[in-house]
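A short write-up of the structure that comes next.
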Amino acid sequence: VQVIVEENLKMFASGLRTASEAMEKQILSPLEELSRLKAGSESSGIDLGSTDDEEPEGQLWQASQLNNVRVMDYAKTSFPIKPPKKQNAALGLLVGIFLGGGLAFFLEYLDTSIRTIEDIEKYLSWPVLSIVPRFDQTLKGKASDSEIQPVVSKFPKSASAEAYRTLRTNIQLADLDNPPKFLVVTSAIPLEGKSTTALNLAVALAQKEGKVLLVDADLRKSTIHKLLHLDNSSGLADLILNHSHLAASVKQSKNIDNLW
């Protein structure tokens with residue numbers, strides 16, 4: 120019986136100590152909070168005064184609301200969420216390709232001009248006799264514009280001269296039984312090479328076929344006589360209006376044989 124009583128006393132004493140420690144914590148906790156709030160109120164200019172008055176209690180509540188939130192750590196991400204640069208770049212590239220391709224096809228659809236040999240043969244059903252390249256810079260650097268023509272005689276080994284000779288041959292082979300005696304060189308708009316083509320073709324024919332008569336029918340802006348350095352006092356217009364005779368209107372080239 121004595122042992123049981125002693126154990127009960129020990130348990131009771133232990134419970135008293137636990138209760139006493141809990142009471143001390145409950146008493147100290149408000150005091151510590153009050154001290155903290157007083158320190159905060161001093162920095163904020165709030166007079167807490169005595170805890171028994173109503174006005175300091177209101178100030179104490181306001182101070183507790185102001186100091187109740189603390190930033191423990193700022194939220195940071197290891198990499199930016201947006202904008203997704205790689206995704207935007209890939210999307211922009213795809214959109215650019217599709218828009219560029221679509222625009223190119225649309226402009227090609229709207230373009231009705233004839234640019235290639237295939238276009239001529241497809242839409243006009245005409246054979247292509249020759250392709251004359253542009254005069255290269257070496258030819259332009261050797262002579263003035265008036266001396267460049269005709270390239271068939273001035274620069275017989277050039278690509279342009281060979282193109283005109285190819286044109287001459289293809290015209291001759293177009294109809295072997297009845298070769299053409301009259302040729303008309305024309306175009307839709309100015310500065311497309313009518314005079315250049317007519318003169319060089321005439322020179323190519325004169326070098327092989329014999330006598331060739333070249334008629335400059337551009338009554339407004341004739342240039343053949345300038346290229347051949349001939350007098351233009353009497354020409355096609357005078358012959359049509361009966362102002363001159365045929366012999367006076369026809370002039371032979373001074374530098375090219377068999378060409379009038």
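Quick note: the sequence shown uses the numbering used here, first residue 120, plus one each step. We put the CB at the ideal spot given by N, CA and C, even for glycine. All of these numbers come straight from a predicted model, not from anything done at the bench.
When DSSP states are grouped into helix, strand and coil, L378 belongs to the strand group. Straight-line measurement puts the Cα of D230 at about 32 Å from the Cα of N319. Counting C-beta atoms within 10 angstroms of its own C-beta, A325 has 16 or more neighbours from the protein chains shown and is therefore classed as buried. By the Cβ criterion, the stretch 323-342 is in contact with the stretch 274-287, since at least three pairs of Cβ atoms, one from each stretch, lie closer than 8 Å.
The DSSP-derived three-state label of V331 is strand. For T231, there is no enclosing alpha helix (DSSP H), as DSSP marks it with neither H nor E. Straight through space, the alpha carbons of S232 and V331 are spaced by roughly 34 Å. A residue is called buried when at least 16 other Cβ atoms come within 10 angstroms of its Cβ; V369 does not meet this threshold and is exposed.
Between the C-alpha atoms of A278 and L248 there is a straight-line separation of about 15 Å. DSSP, read as helix, strand or coil, puts S341 in coil.
The beta carbon of I375 sits closer than 7 Å to the beta carbons of S272, V322 and A325 from its chain, once the five residues preceding and following it are set aside; these are given in chain order. Annotated three-state conformation of A367 is helix, per DSSP. With distances taken between CA atoms, S341 lies nearest to P309 out of P309, P275 and E140.
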